[in-house]
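Quick note: the sequence shown uses the working numbering, first residue 1, plus one each step. For glycine and all other residues, C-beta sits at the position ideal for the given N, C-alpha and C. Comments concern the structure below.
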Amino acid sequence: MKERFYYEKLPENEIQKLKLLGKRCRGDIIKMTTVADSGHPGGSMSSIDIYLTVFSNARIDPKDPWNPLRDRIIVSHGHTSPGVYAALGELGFFNVEDAITGFRYFDSPFEGHITRGIPGVEWTTGNLGQGLSAACGMALAAKIQNIDYHVFALMSDAEQAKGQVAEARRFAKKFGLSNLTVVIDYNDAQISGHARNVMFVDIKADYEADGWRVIEADGHDYAQLYDAIKCAIDNRDEPTVVVGRTIMGKGVSFMEDDVEYHGKALSLEQAGKALKELGVENDIQKYIERRKTFSMPHFDIKPYQVKIDTGEKRIYKSGESVANRDAFGRALADIGAANSKSHGTPIAVIDCDLKPSTKTDLFERVVPDLFFQAGVQEHNAATVAGALSSQGVITFFGDFGVFGIDETYNQQRLNDINHTNLKLIVTHVGTDVGEDGKTHHCVDYIGSLRNIYNFKLIVPQDANQTDRAVRFMAKAWGNYALAVGRSKISVVSKVNGETFFDEKYEFVYGECDLFREGEDVTIFSTGQTSHIAVKAADDLLKEGIKVTVIGVPTPFGLPKWISSYISSKHVLTFEDHNANTGLGSIISEFALDNRAYPKSFTRIGLFDYTKSGLVKDLYRIEGLDVDSLKSKVKEIIG
Numbered sequence: 001m002k003e004r005f006y007y008e009k010l011p012e013n014e015i016q017k018l019k020l021l022g023k024r025c026r027g028d029i030i031k032m033t034t035v036a037d038s039g040h041p042g043g044s045m046s047s048i049d050i051y052l053t054v055f056s057n058a059r060i061d062p063k064d065p066w067n068p069l070r071d072r073i074i075v076s077h078g079h080t081s082p083g084v085y086a087a088l089g090e091l092g093f094f095n096v097e098d099a100i101t102g103f104r105y106f107d108s109p110f111e112g113h114i115t116r117g118i119p120g121v122e123w124t125t126g127n128l129g130q131g132l133s134a135a136c137g138m139a140l141a142a143k144i145q146n147i148d149y150h151v152f153a154l155m156s157d158a159e160q161a162k163g164q165v166a167e168a169r170r171f172a173k174k175f176g177l178s179n180l181t182v183v184i185d186y187n188d189a190q191i192s193g194h195a196r197n198v199m200f201v202d203i204k205a206d207y208e209a210d211g212w213r214v215i216e217a218d219g220h221d222y223a224q225l226y227d228a229i230k231c232a233i234d235n236r237d238e239p240t241v242v243v244g245r246t247i248m249g250k251g252v253s254f255m256e257d258d259v260e261y262h263g264k265a266l267s268l269e270q271a272g273k274a275l276k277e278l279g280v281e282n283d284i285q286k287y288i289e290r291r292k293t294f295s296m297p298h299f300d301i302k303p304y305q306v307k308i309d310t311g312e313k314r315i316y317k318s319g320e321s322v323a324n325r326d327a328f329g330r331a332l333a334d335i336g337a338a339n340s341k342s343h344g345t346p347i348a349v350i351d352c353d354l355k356p357s358t359k360t361d362l363f364e365r366v367v368p369d370l371f372f373q374a375g376v377q378e379h380n381a382a383t384v385a386g387a388l389s390s391q392g393v394i395t396f397f398g399d400f401g402v403f404g405i406d407e408t409y410n411q412q413r414l415n416d417i418n419h420t421n422l423k424l425i426v427t428h429v430g431t432d433v434g435e436d437g438k439t440h441h442c443v444d445y446i447g448s449l450r451n452i453y454n455f456k457l458i459v460p461q462d463a464n465q466t467d468r469a470v471r472f473m474a475k476a477w478g479n480y481a482l483a484v485g486r487s488k489i490s491v492v493s494k495v496n497g498e499t500f501f502d503e504k505y506e507f508v509y510g511e512c513d514l515f516r517e518g519e520d521v522t523i524f525s526t527g528q529t530s531h532i533a534v535k536a537a538d539d540l541l542k543e544g545i546k547v548t549v550i551g552v553p554t555p556f557g558l559p560k561w562i563s564s565y566i567s568s569k570h571v572l573t574f575e576d577h578n579a580n581t582g583l584g585s586i587i588s589e590f591a592l593d594n595r596a597y598p599k600s601f602t603r604i605g606l607f608d609y610t611k612s613g614l615v616k617d618l619y620r621i622e623g624l625d626v627d628s629l630k631s632k633v634k635e636i637i638g
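This is the structure:
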């Protein structure tokens with residue numbers, strides 16, 4: 001594989017080659033957006049010289065695009081996909097004619113915003129402001145694994161107004177990510193007009209204030225761009241940004257500096273004029289005809305191999321009261337210690353100034369070099385964690401539920417779209433946060449994550465199940481969320497008083513737990529309330545009322561066998577969660593889908609925000625305590 005930015009000075013023959021490529025790529029951009037009758041030609045044409053300079057000189061190989069030693073190139077302003085596809089296609093990563101034909105076409109991988117998996121595309125982007133965070137995650141992965149690759153974050157000027165960009169700048173500086181170079185297309189144009197008028201950002205001053213080195217260049221001068229980027233790469237002391245001054249629609253006179261063409265394709269007549277001015281053949285009709293029968297499979301994203309020692313499981317005894325967050329922290333520390341000795345797949349932990357509460361500090365004590373404190377910067381931390389997990393580092397991101405899910409919902413959604421391997425740990429879920437009040441009661445975590453197609457959710461019901469679930473997550477591929485409360489809760493026991501999740505228990509995703517069995521009523525519960533449901537069932541049995549209690553640790557994966565405990569039964573769902581979007585809605589849908597029709601169905605949960613107070617008081621006023629549950633069961637069976 002070639003060395004990155006090999007030449008001391010870009011030779012004249014290379015400059016001429018890039019000029020010819022730039023002209024061809026501008027023609028490709030015009031063609032593909034006109035054929036699709038949509039897209040963003042203006043910004044693509046201002047960014048194309050940056051793309052060609054970086055893609056041509058970075059350490060990447062179109063014949064071996066996923067080589068683990070390759071440089072990573074993140075294009076943050078994913079709407080300039082025509083420029084990215086044109087550059088990569090002309091450089092041989094794929095057939096550029098396929099991109100021109102299939103751009104924004106349903107049966108094609110060349111979507112309107114760039115998509116991870118296409119050779120040369122490292123990260124699915126489009127929601128502005130997240131690309132630098134993703135680049136930070138990948139640069140951090142290189143340092144953790146001691147791999148010599150460089151990360152380039154290619155960005156727009158308008159997205160510099162985003163708060164997440166500032167968060168990412170500070171993160172890069174703190175952790176010395178000198179293997180990261182940002183190149184900004186400063187065309188001073190966005191949808192609503194000139195960027196300086198829409199929302200002025202002093203880009204140079206902002207980066208300098210956060211400790212970055214700033215280099216300015218003409219974004220259409222290949223020699224200047226090359227020199228600036230090479231200088232940035234050679235700087236080993238601090239992250240560097242290259243600000244490239246460009247012109248929207250560069251290369252076609254009637255498009256230049258006209259924001260109308262930011263997101264508007266040219267008509268056939270306009271495209272003809274533009275191609276003539278560029279000196280590029282007008283063969284648009286060929287692609288329009290080809291598009292009528294075009295079909296091309298999407299590219300796959302291959303997961304990396306996980307090799308990990310999860311350590312010895314812990315056993316918590318019946319009669320103990322243990323917070324699930326404590327059990328999580330201990331299990332994570334065990335895994336960190338065991339894995340550091342076995343030299344398996346590296347594990348990293350990202351924290352947002354909550355380590356004593358989320359218990360990630362236990363990991364920090366045993367593996368401090370792999371603990372990264374991001375501060376109160378949740379949006380950046382969520383994207384950093386996702387990108388880091390995609391590059392061969394098993395990543396745990398610990399946070400409160402209202403921050404790790406609610407506040408960072410879009411970041412987690414993009415992690416899912418990017419097929420990351422993130423382990424999201426959210427503590428303090430439900431009203432179990434107690435006195436912190438409704439702003440911190442995360443009572444929508446099931447419903448929120450349920451909207452994200454591929455995230456798997458685990459809501460463990462005591463310390464033993466938490467311990468096994470954490471060890472399971474570390475080995476399992478994909479995005480997993482573990483949701484636990486704040487308070488100490490009882491270790492769940494069997495009818496005979498022995499520990500339910502004993503030394504023989506292994507966590508299985510998609511399985512439920514039959515805590516108690518009786519023919520009168522079935523209670524489904526999850527997480528912090530399951531031990532309450534078990535206690536209520538045991539009390540009711542003394543009164544001759546036989547209740548089934550089924551614990552649901554994986555709300556998004558339910559086994560078929562629970563159908564028999566729903567059909568013709570009085571069914572209650574019992575949860576410290578919004579009753580409209582949590583377990584109640586999931587069990588009712590399961591019943592309908594499986595034609596398991598209950599005699600009656602009752603949801604017990606939250607129907608509005610609750611107050612600030614002790615957990616025991618909140619549970620009582622919301623009907624989530626033992627006595628309230630017993631009363632509801634008696635009321636239902638008459």
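Applying the 10 Å Cβ sphere with the 16-neighbour rule, what's the burial state of residue i?
i	result
Phe607	exposed
Met473	buried
Tyr453	exposed
Asn418	buried
Tyr619	buried
Asp640	What the structure shows of the chain is the stretch from 1 to 638, and residue 640 is not part of that stretch, so it cannot be assessed.
Val626	buried
Tyr85	buried
Asn197	exposed
Gly43	buried
Arg236	exposed
Can you give me the start and stop residues for the alpha helix (DSSP H) that residue i sits inside?
i	result
Thr101	Val96 to Gly102
Thr383	Glu378 to Ser389
His358	According to the sequence provided, residue 358 is Thr. The question's His does not apply to it. Run containing Thr358: Lys355 to Thr358, per the alpha helix (DSSP H) assignment.
Asp334	Asn324 to Ser342
Lys264	Neither: Lys264 is in no alpha helix (DSSP H) and is coded neither H nor E.
Asp416	Tyr409 to Ile417
Ile308	That residue, Ile308, is in no alpha helix (DSSP H); it is neither H nor E in DSSP.
Val626	Val626 to Ile637
Tyr619	Val615 to Ile621
Ala722	Residue 722 lies beyond the stretch modelled for the chain, which goes from 1 to 638, so this question has no answer here.
Per DSSP, which one or two residues make a beta bridge with residue i?
i	result
Met155	Ile184
Tyr222	In the DSSP output, where bridge partners are listed per residue, Tyr222 has none listed.
Tyr480	Lys423 and Lys456
Ile215	Val242
Ser133	Partner(s): none; Ser133 has no beta bridge.
Asp351	Gln373 and Gly398
Gln285	Its beta-bridge partners do not exist; DSSP assigns none.
Gln190	Gly193
Thr499	Ser493
Lys143	Lys143 is not bridged to any residue.
Leu514	Ile550
Ser318	According to DSSP, which records beta bridges pairwise, Ser318 is partnered with nothing at all.
Lys488	Ala323
Arg116	Ile118
Val367	Answer by DSSP bridge pairing: none, since Val367 is not bridged.
Val429	Cys442
If you follow the beta strand (DSSP E) that residue i is part of, which residue opens it and which one closes it?
i	result
His570	His570 to Asn578
Ala209	Premise fails: Ala209 lies in the alpha helix (DSSP H), Ile203 to Ala209, not in any beta strand (DSSP E).
Thr53	Per DSSP, Thr53 belongs to no beta strand (DSSP E); it is in the alpha helix (DSSP H), Pro41 to Asn57.
Phe294	Counting along the chain, Phe294 falls outside any beta strand (DSSP E), and DSSP gives it neither H nor E.
Phe524	Val521 to Ser525
Ile604	Ser600 to Leu606
Closer than 8 Å by C-beta to residue i: which residues in its own chain qualify, once you throw out the five before and the five after it? Chain order, please.
i	result
Pro109	Gly102, Thr115, Gly117, Ile118, Met296, Pro297, His298 and Phe299
Thr53	Leu18, Tyr222, Leu225, Tyr226 and Ile229
His262	His40, Gly42, Gly43, Ala189, Gln190, Ile191 and Met248
In chain order, what residues of the same chain have a beta carbon less than 7 Å from the beta carbon of residue i, not counting five sequence neighbours either side?
i	result
Asn578	Val443, Asp444, Gly447, Gly605 and Leu606
Leu514	Ile550
Considering only residues of the same chain and omitting the five flanking positions on each side of residue i, which have a CB-CB separation below 6 Å?
i	result
Ala536	Val626, Leu629 and Lys630
Asp353	Gly375 and Val376
Lys611	none
Ser530	Gln461 and Gly551
Review point. Curious, which full-length alpha helix (DSSP H) runs of at least 4 residues does the region 65-91 contain?
Key: Fully enclosed alpha helix (DSSP H) runs of 4 or longer: 81-90.
Exercise for review: Scan the region 528-595 and note each continuous beta strand (DSSP E) run of 3 residues or more that stays entirely inside, going in chain order.
Suggested key: DSSP runs (the beta strand (DSSP E)) wholly in the region 528-595: 547-551 and 570-578.
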